[in-house]
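Worksheet for the structure shown next.
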Amino acid sequence: MFDQYFSQYGLIAVFACVALLIPLGMYVASWFAGFFGVRPSNPSTVKLSIYECGFESVPGSWNQFNFRYYAIALIFLIFDVEVIFMIPWAANYGVMSKEFGFFVLAEMIVFVGILMIGWIYAVKKGAFSKIY
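Just so we're aligned, residue 1 is where the sequence shown starts under my numbering, counting upward by one.
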């Protein structure tokens, strides 16, 4: 049992090592290419300037965003996380319904009911009316 448990974490450790070694290898290869003259380094003001879709950047472009966009983003994240919880349930519903029967369906109906109560609360508070 412990061998299987640690072998699963071993795969995660191998994945983490590869995820760290690939960018590190790219960085080292780029440094060696610049060091040995394969990639010349010619810095200029044009190369060091900010590139914004072909237009010259406008100084002082920090604008304040309206707060309602943050509220909409938070509502989206909340409902998106709820959908993420529903996807594994939908994928395994056939297997679970054979073992647990009506309980699995009732549990998801309660979950969706709580989700709908939250959605109705957001509509009543006017969270979606401020979009346009």
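A virtual CB, placed ideally from N, CA and C, is assigned to each residue, including glycine. Being a predicted model, the structure only gives us computed values, none of them experimental.
How many whole angstroms separate the CB atoms of residue i and residue j, which I take to be in contact at a CB cut-off of 8 Å?
i	j	result
Ala122	Ile75	6 Å
Met108	Trp89	6 Å
Do the CB positions of residue i and residue j come within less than 8 Å of each other?
i	j	result
Val137	Met96	One cannot answer for residue 137 here, as it falls past the ends of the chain, which runs 1 to 132.
Ala71	Ala127	yes
Determine the closest residue to residue i out of the options, with distance taken between C-alpha atoms.
i	options	result
Phe79	Ser49, Tyr93, Ile12 and Ile120	Ile120
Arg39	Ser49, Val28, Thr45 and Val46	Val28
Ile87	Val112, Phe100, Tyr51 and Ser41	Val112
At the 8 Å Cβ level, is residue i part of the contact set with chain C, yes or no?
i	result
Ala90	The chain labelled as chain C is not found in the depicted structure, where only one protein chain is given.
Query raised in the report: What are the uninterrupted segments assigned as alpha helix (DSSP H) that are 4 or more residues long and contained completely in the region 82–111, given in chain order?
Result: 93–100
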